[in-house]
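Notes to accompany the following structure.
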Amino acid sequence: PWAVTVYGAPDTAEEGALIQEIVGAEFAGASTHETEATTYAPPWKFSPSTCAAALTAIFLLAAVTLLTPQPTHIVDAVLARHGRIDILVNNAGIGVRAADRKSVDAFPVEAWDEMIAIDLTGVFLMSRAVSAAMRKRGSGSFFFSNNAKSLRGTKRNTGESLYYPRVMMRTLAQVLTEEYSEHGIHVANVVIDGLIDSPGTRALPRAHNNPDIIINPMKIAEAFFYLHTQDRSCWTHELQLTPFPTNPSH
1157 PWAVTVYGAP DTAEEGALIQ EIVGAEFAGA STHETEATTY APPWKFSPST CAAALTAIFL
1217 LAAVTLLTPQ PTHIVDAVLA RHGRIDILVN NAGIGVRAAD RKSVDAFPVE AWDEMIAIDL
1277 TGVFLMSRAV SAAMRKRGSG SFFFSNNAKS LRGTKRNTGE SLYYPRVMMR TLAQVLTEEY
1337 SEHGIHVANV VIDGLIDSPG TRALPRAHNN PDIIINPMKI AEAFFYLHTQ DRSCWTHELQ
1397 LTPFPTNPSH
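So in the numbering used here, spot 2 of the sequence shown is number 1158, and the numbers just go up one at a time.
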């Protein structure tokens, strides 16, 4: 079974009701961070992936957490129903909570393990589960939804960089590119280099002062689709999406 975990609290009663409507299930427990996360367990009104996408769309960090060691049964179910998987978008992500924003010598091992499990191990397991069918068919796309912290290690200010294993996600994308391109699988790391439109980001002073630095999420989706439809004679393996008023991160 899978669980949908929502980190943070709804800003309004309407958002809380919307979560309940999307998930279609009663509160089923909490993560280890009991004051910051709510976990919804099966059954749901919609699929777990739909729940996670919808919850993320209402600007809460939602993680579909695998409760069993391997996701192969999910992949098998999709293949049995639809016959093929064309695109895998690895969009897993978790940040460092304010309480855990400490220097290396004080950073909680539990928080590190959680981030590695979601951001890296989860991505590896899904890529591993899907790759066999794509390789056999000779086509498919693996896309990594990443951010500017994947480009290099920088001084930590907000719990990102070293403790946010995006650099390792980028490296995994590079490894999979070398391993699977010759089998017809297009692998790309997509660096979303800026603020994605949401009420939370629009409330930030820098976004309020310059709305043009906010990225339209529909345009992000179009960029992913563009990658998938590229001719295999000229694949892009890394794409950086940056709003026009800002300089690209490096």
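Each residue gets a CB set at the ideal place from its N, CA and C atoms; glycine is no exception.
**Assigned secondary structure, S1297 (DSSP; H/G/I helix, E/B strand, else coil)** = Within the sequence shown, the letter at position 141 stands for residue 1297. Reduced to three states, the DSSP call for S1297 is strand.
**Message:** Three Cβ pairs or more, each shorter than 8 Å: is that satisfied between the region 1326-1334 and the region 1378-1387?
**Reply:** no
**Request:** Just the C-alpha distance for N1440 and L1397, rounded to the nearest angstrom, thanks.
**Result:** The structure shown has nothing for residue 1440, since the chain only spans 1157 to 1406.
**Request:** Just grab the DSSP bridge partners of E1394 for me.
**Result:** Translated into positions along the sequence shown, residue 1394 becomes position 238. For E1394, which the question treats as bridged, DSSP gives the partners N1345.
**Message:** Suppose you measure from the CA of F1280 to the CA of R1362; what does that come to, to the nearest Å?
**Reply:** For the purposes of this step, residue 1280 is taken as residue 124 along the sequence shown, with counting starting at 1. For the purposes of this step, residue 1362 is taken as residue 206 along the sequence shown, with counting starting at 1. Rounded to whole angstroms, F1280 to R1362 spans 35 Å at the Cα level.
**Request:** Locate the alpha helix (DSSP H) running through N1372, then write down its first and last residues.
**Result:** In the sequence shown, residue 1372 corresponds to position 216, counting from 1. First-last for N1372: undefined, no H or E at that position.
**Item:** I1352 - DSSP class collapsed to helix/strand/coil
**Value:** Taking the sequence shown and counting its residues from 1, the one referred to as residue 1352 is at position 196. Here I1352 sits in strand by DSSP.
**Message:** Run through the DSSP bridge pairs and tell me what V1245 is partnered with.
**Reply:** Counting from 1 along the sequence shown, the entry for residue 1245 is found at position 89. Answer is F1299, bridged to V1245.
**Asked** Got a sec, what are the start and stop residues for the alpha helix (DSSP H) Q1386 sits in?
**Response** In the sequence shown, counting from the first residue as 1, residue 1386 sits at position 230. From DSSP, Q1386 is part of no alpha helix (DSSP H); its letter is neither H nor E.
**Item:** Check whether L1276 and M1325 have beta carbons under 8 Å apart
**Value:** Numbered from its first residue, the sequence shown carries residue 1276 at position 120. Numbered from its first residue, the sequence shown carries residue 1325 at position 169. In this structure, M1325 lies closer than 8 Å to L1276 by Cβ.
**Prompt:** Rounded to the nearest angstrom, how far is the Cβ of R1240 from that of R1293, given a contact under 8 Å?
**Reply:** Position 84 of the sequence shown, counting from 1, holds the residue named residue 1240. Position 137 of the sequence shown, counting from 1, holds the residue named residue 1293. Indeed they touch by this definition, with Cβ atoms about 7 Å apart.
**Cβ neighbours of I1352 in the same chain (closer than 8 Å, five flanking residues each side left out)** = Position 196 of the sequence shown, counted from the start, is the residue given in the question as residue 1352. Closer than 8 Å at Cβ, skipping near neighbours: I1370, I1371, P1373 and I1376.
**Prompt:** Is any beta-carbon of chain C found at less than 8 Å from that of R1388?
**Reply:** Here there is only one protein chain, and chain C is not present.
**Asked** Hey, how far is the Cα of S1389 from the Cα of L1244?
**Response** As a working note, residue 1389 is residue 233 in the sequence shown. As a working note, residue 1244 is residue 88 in the sequence shown. Rounded to whole angstroms, S1389 to L1244 spans 21 Å at the Cα level.
**Message:** Our contact map puts H1342 next to S1297 with C-beta atoms below 8 Å; I'd like the distance itself, whole angstroms only.
**Reply:** As a working mapping, residue 1342 is identified with position 186 in the sequence shown. As a working mapping, residue 1297 is identified with position 141 in the sequence shown. Contact holds; Cβ gap of about 5 Å.
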